[in-house]
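Student: Here it is: the structure, laid out below.
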Amino acid sequence: MARVKRPTFKRRINPDEELSPRVIWGGGAVLLIVVAALFWSVWKSQFAAPASYLFNTPTLGAEAGYCLSVAQMIVPSGAPIGSYFDEAAQFWVKRLRDLDEDMGKAIAKGRAKLAIDKQAAREKSDVWFQYAMDQCSLKALNYGAHFRSFD
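Written out as structure tokens, the structure reads:
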């Protein structure tokens, strides 16, 4: 009995496929390494970015003093206890306590910067206070604040 030679064929799911599994798996591994390297480089570069404080204040303490001053001065008659403005002021006082700076100097720097900004706003100072309060509140949320008055 004569032996019949079996035809050889490549194991492929799609007969029109031209790439071997080695090329596909190798390319996938290279792609995975490239994505991991890009992720790592972005991760490292975010910590190398210079710190930015609101309204070009020089330090974290001055930023907290600025935002505290805004929260205290936005309502001329004083913020009602438990209101959003009161909660914001309490948050910035706590933030100042947690920093390693002198609270008095930090508040003075913040108030001085606020006075300059208020002077620059002239007749639109009320609008400036609203804008500053919004920006300070967003920054407070980034720092972990939770305003119960919004619940």
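Mapping to the UniProt record's numbering: the sequence shown position 7 is 7, numbers consecutive.
Beta carbons: idealized from backbone N, C-alpha and C, even for Gly.
With distances taken Cα to Cα, identify the nearest neighbour of R95 among I116, L60, V127 and W128.
Tutor: Here residue 95 is taken as the residue at index 95 of the sequence shown, counted from 1. Considering only alpha carbons, the answer is L60.
Student: Would you list, in sequence order, the uninterrupted alpha helix (DSSP H) runs of no fewer than 4 residues that lie entirely inside the region 39-84?
Tutor: Qualifying alpha helix (DSSP H) stretches, in chain order: 60-73.
Student: Report the CB separation of G110 from A64 in whole angstroms; it is logged as a contact under 8 Å.
Tutor: Your numbering for residue 110 matches position 110 in the sequence shown. Your numbering for residue 64 matches position 64 in the sequence shown. Confirmed, about 7 Å.
Student: Tell me, please, whether the region 82-91 touches the region 105-123 by the rule of three or more beta-carbon pairs shorter than 8 Å.
Tutor: Output reads no: the region 105-123 does not touch the region 82-91.
Student: Taking the straight line between their C-alpha atoms, what separation do you get for S20 and V35?
Tutor: For the purposes of this step, residue 20 is taken as residue 20 along the sequence shown, with counting starting at 1. For the purposes of this step, residue 35 is taken as residue 35 along the sequence shown, with counting starting at 1. Whole-angstrom Cα-Cα distance: 23 Å.
Student: By how many angstroms is the C-alpha of D151 removed from the C-alpha of K124?
Tutor: Position 124 of the sequence shown, counted from the first residue, corresponds to residue 124. Position 151 of the sequence shown, counted from the first residue, corresponds to residue 151. When rounded, the distance between both Cα atoms is 31 Å.
Student: Could you check what DSSP says for G104 in three-state terms: helix, strand or coil?
Tutor: One-based indexing of the sequence shown puts residue 104 at position 104. The answer is helix: DSSP assigns G104 an H, G or I state.
Student: In whole angstroms, give me the CA-to-CA distance for S52 and K139.
Tutor: Your numbering for residue 52 matches position 52 in the sequence shown. Your numbering for residue 139 matches position 139 in the sequence shown. Near 11 Å, if we compare the C-alpha coordinates of K139 and S52.
Student: From the DSSP output, in three-state form, read off V4 for me.
Tutor: On the sequence shown, position 4 is the one that residue 4 refers to. Three-state result, V4: coil.
Student: How should V70 be labelled, buried or exposed, when 16 other C-beta atoms within 10 angstroms of its C-beta is the threshold for buried?
Tutor: Translated into the one-based positions of the sequence shown, residue 70 becomes position 70. So V70 ends up on the buried side.
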